[in-house]
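Numbering (the working numbering), first residue to last: 1 to 115. We treat Cβ as the ideally placed atom computed from N, Cα and C, and that holds for glycine. Model, not experiment: these values are computed from the prediction.
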């Protein structure tokens, strides 16, 4: 198999997760070093001002990223960039995806999740 490691940096604004930047590096047998192959930039936005009901659910993959914020994000975007053979990051994403949510709230302002 391919030897690799990923390094993720988490960025915050106002106690809410702003973005996660992950760089994957593969081990190059011929040089004996790790070289970057992929960079993923995840952007979280359009936060409400209500408390996050998933705050304590960090142990589950499905809710981990959502649990890292004080409030609830309603937009998510992921852009993936690749590196050329000589280690230069391409400025145009090789893939992009995203999602938006519209939340309902109860009379006390708590978000209603369809769990």
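Query                                                                                                                                         : Result
Return the chain-ordered ranges of every beta strand (DSSP E) run that is complete within the region 57-87 and spans a minimum of 3 residues. : 75-82
With burial defined as no fewer than 16 other Cβ atoms inside 10 Å of the residue's Cβ, what is the status of residue 69: buried or exposed?  : buried
When you compare each of 90, 25, 59, 34 to residue 79 by their alpha carbons, which one comes out closest?                                    : 90
Three-state secondary structure (DSSP) at residue 30?                                                                                         : coil
Since residue 48 is in the beta strand (DSSP E), which residue starts that stretch and which ends it?                                         : Careful: residue 48 lies outside any beta strand (DSSP E) and carries neither H nor E.
Let me know the secondary structure DSSP gives residue 15 once reduced to three states.                                                       : coil
Using the three-state DSSP reduction, which class does residue 109 fall into: helix, strand or coil?                                          : coil
Could you have a look at residue 41 and say whether DSSP puts it in helix, strand or coil?                                                    : strand
Mind checking residue 113: buried by the 16 CB within 10 Å criterion, or exposed?                                                             : exposed
Which same chain residues, not among the five before or five after residue 22, have their C-beta less than 6 Å away from its C-beta?          : 6, 8, 40
Is it right to say residue 42 is buried, meaning 16 or more other beta carbons lie within 10 angstroms of its own, or is it exposed?          : buried
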